[in-house]
Amino acid sequence: MIERFAEYWPHLGALTALLLMLFLCLHRLLNWARKRPPGAYLILALFPLMSLFPIPPSEVKKLEQIKQQQTQEDIESEEPKVR
């Protein structure tokens, strides 16, 4: 019976190690979170909700224009290279 699973032992070992590391990381995260003030939970809970609302196209256009202006200013402000 054990011989049938002999080829899977390395995979089972890696899976066990991965699950153990995941458990330890989650345990440390939980202990860290318990030390945080309650307001931090509220803020962290609201962050994913912000991504549900798309950015309006007009704002995207404004941002693109600002980026273009900044790159043009950067190009104009560069000193000419002397050879």
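Going by UniProt numbering, the residue at position 7 of the sequence shown is 7; the numbering climbs one at a time, nothing skipped. Just so it is clear, CB atoms sit at the ideal spot from N, CA and C, and this is done for glycine as well.
Item, Value
"When you compare only the Cα positions, how much space is there between residue 22 and residue 67?", "41 Å"
"How far does the alpha helix (DSSP H) with residue 43 in it reach, from first residue to last?", "38 to 50"
"What residue does the alpha helix (DSSP H) around residue 67 start on, and which one ends it?", "57 to 77"
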